[in-house]
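Letter by letter, the sequence shown follows residues 41 to 140 of our numbering.
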Amino acid sequence: MTRWFSKWKGSPASYAVGLEWTKIVPKLLEAVKAGMDSGVVKDWQNFVGSEEGYMVWEGSERQVYADIEKYRPYIDFEPISPVWSLVDAIEISKEVGKLG
């Protein structure tokens, strides 16, 4: 199963809602928790003192993009990139070595 990584940050829409933001944040965090409980979200981190962080998902591209839609328009995601584990990188480097 592919893992995906993206940095996230609060979008301009999140700043425009003012005090409503305090009601929206718990819902966004519950969506992250639901993603973790379902196994789609593997890691979520918030950079302390900011409205930024990162997320790691595991699944198909379709599953990941469907999960991301839960957070819009309040959270913006930078390009979502597939990532390799160390085991994947080792296996791939062995295969590349066989080609040369």
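Glycine is no exception: its CB is placed at the ideal position from the N, C-alpha and C atoms.
Owing to the predicted nature of the structure, the values given are computational and were not obtained by experimental measurement.
- CA-CA distance, ASP128 to GLY58, rounds to 44 Å.
- Counting only the Cα atoms, VAL80 lies some 16 Å from PHE117.
- Within the same chain, Cβ atoms closer than 7 Å to the Cβ of ILE108 are found at PHE117, the five residues on either side in sequence being excluded.
- Of the other Cβ atoms in all chains shown, fewer than 16 fall within 10 Å of the Cβ of TYR55; this residue is therefore exposed.
- If you draw a 10 Å sphere on the C-beta of TRP97, you find 16 or more other C-beta atoms in it, and that means buried.
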